[in-house]
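Chemist: I have a structure here, written as structure tokens, and I will follow up with some questions on it.
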Amino acid sequence: KAGVTQTPRYLIKTRGQQVTLSCSPISGHRSVSWYQQTPGQGLQFLFEYFSETQRNKGNFPGRFSGRQFSNSRSEMNVSTLELGDSALYLCASSFLTGVVDNEQFFGPGTRLTVL
Amino acid sequence: GENVEQHPSTLSVQEGDSAVIKCTYSDSASNYFPWYKQELGKRPQLIIDIRSNVGEKKDQRIAVTLNKTAKHFSLHITETQPEDSAVYFCAASAGDKLIFGTGTRLQVFP
Chain H
1 KAGVTQTPRY LIKTRGQQVT LSCSPISGHR SVSWYQQTPG QGLQFLFEYF SETQRNKGNF
61 PGRFSGRQFS NSRSEMNVST LELGDSALYL CASSFLTGVV DNEQFFGPGT RLTVL
Chain G
1001 GENVEQHPST LSVQEGDSAV IKCTYSDSAS NYFPWYKQEL GKRPQLIIDI RSNVGEKKDQ
1061 RIAVTLNKTA KHFSLHITET QPEDSAVYFC AASAGDKLIF GTGTRLQVFP
């Protein structure tokens, strides 16, 4: 079974631009969660989508948004990029929504650098 | 809000020694505590998890203990090997999401 895939793997943008990241979950998984990983901050939860609906949201500004398509693929968008948005963005898919007994499988991440 | 603190941030051990990583959580409603291992340049992978109705769980050389009263949980790795070198993240459930600790970089020297 193919794992979670993310595109692109690397991205360089400048301040003020916007960016869209894509995540394809494991076949059959309907939940996709997004995390921002930075040194010293660990993994910070952005949001979760399940069956095309946002189910949970973390404490990030409205510049961070997402959506999920009928095939469970998800995209994350960041508008008006800031230097502090430089990070590894990870998505994780799972079969169900919720976290108990519902293992999350991570993708390889998209490394975003904002100059 | 919900918070998970993880210590130490770095840990160096000799091959064959034990390693212990500790986490504390703030949300008394948390009932699920997974641990993830992230090797350099790779994606995080679940290595063990524990639910709040269990005090200890073991899987070969790794074990996790939970103290609900103190809101502490720990990862124990025995007989460490160089391939255990990685960053380890603890997490606690907060509703339907996971709150992660900031990670522990474990280095096992041969």
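Protein sequences, first through last, are from chains H and G. Residue numbering for the first sequence follows our numbering, beginning at 1 and increasing consecutively. Residue numbering for the second sequence follows our numbering, beginning at 1001 and increasing consecutively. Heads up, the beta-carbon is just placed ideally off N, CA and C, and yes, glycines get one too.
(1) In its own chain, which residues sit with a C-beta less than 7 Å from the C-beta of G:P1008, not counting the 5 before and 5 after it?
(2) Hey, H:Y87 and H:S33 are a contact pair by Cβ (cut 8 Å); roughly how many whole angstroms apart?
(3) Using C-beta distances below 6 Å, list every residue in its chain close to G:A1094, excluding the 5 sequence neighbours before and after it, in chain order.
(4) How big is the Cα-Cα spacing for H:T53 and H:F47?
(5) In the segment 26-55 of chain H, which residues sit with their C-beta less than 8 Å from some C-beta in chain G, listed in chain order?
(6) For G:P1034, which of helix, strand or coil comes out of DSSP?
(7) Which residues bound the beta strand (DSSP E) around G:H1007?
(8) Are any of the Cβ atoms in chain H nearer than 8 Å to that of G:D1059?
(9) Shorter than 8 Å from the beta carbon of G:D1096 to some beta carbon of chain H?
(10) Does the separation of the CB atoms of G:K1037 and G:A1086 fall below 8 Å?
(11) Measuring CB atoms only, is the segment 75-86 of chain H touching the segment 94-107 of chain H, in the sense that at least three cross pairs come out at less than 8 Å?
(12) How should G:K1042 be labelled, buried or exposed, when 16 other C-beta atoms within 10 angstroms of its C-beta is the threshold for buried?
(13) Report the residues of the segment 1013-1031 of chain G with a CB closer than 9 Å to any CB of chain H, ordered along the chain.
(14) Going by other Cβ atoms of all chains shown within 10 Å of its Cβ, with 16 needed for buried, is H:Y10 buried or exposed?
(15) Who does H:Q54 pair with in a DSSP beta bridge?
(16) What in chain G is Cβ-close to H:G109, meaning under 9 Å?
(17) Can you look up G:D1027 in the DSSP assignment and give me helix, strand or coil?
(18) Verify whether the separation of the beta carbon atoms of G:Y1064 and G:Q1081 is less than 8 Å.
(19) According to DSSP, is G:D1096 part of a helix, a strand, or is it coil?
(20) Within 8 Å of any Cβ in chain G, is that where the Cβ of H:V19 sits?
(21) Taking CB distances under 8 Å as the criterion, tell me whether H:F69 reaches chain G.
(22) Reducing DSSP to helix, strand and coil, say where G:E1083 ends up.
(23) Going by the beta-carbon positions, is the gap between H:V4 and H:G107 smaller than 8 Å?
Modeler: From the atom records:
(1) T1104
(2) Note on residue identity: the sequence assigns Ala, not Tyr, to residue 87 of chain H. Your pair H:A87 and H:S33 does not check out as a contact, with CB atoms roughly 15 Å apart and the cut at 8 Å.
(3) E1002 and D1027
(4) 11 Å
(5) Within the segment 26-55 of chain H, the qualifying residues are S33, Y35, G40, Q41, G42, L43, Q44, F45, E48 and R55.
(6) G:P1034 falls in the strand class under three-state DSSP.
(7) V1004 to H1007
(8) no
(9) yes
(10) Inclusion of G:K1037 and G:A1086 in the CB contact set at 8 Å is warranted, their separation being smaller than that value.
(11) no
(12) exposed
(13) If the cut-off is 9 Å between Cβ atoms, the segment 1013-1031 of chain G has N1031 near chain H.
(14) exposed
(15) H:Y49
(16) Those are R1043, listed as they occur along chain G.
(17) coil
(18) The sequence shown places Val at residue 1064 of chain G, not Tyr. No, the pair does not count as a contact, with Cβ atoms beyond the cut-off.
(19) G:D1096 falls in the coil class under three-state DSSP.
(20) no
(21) no
(22) helix
(23) yes
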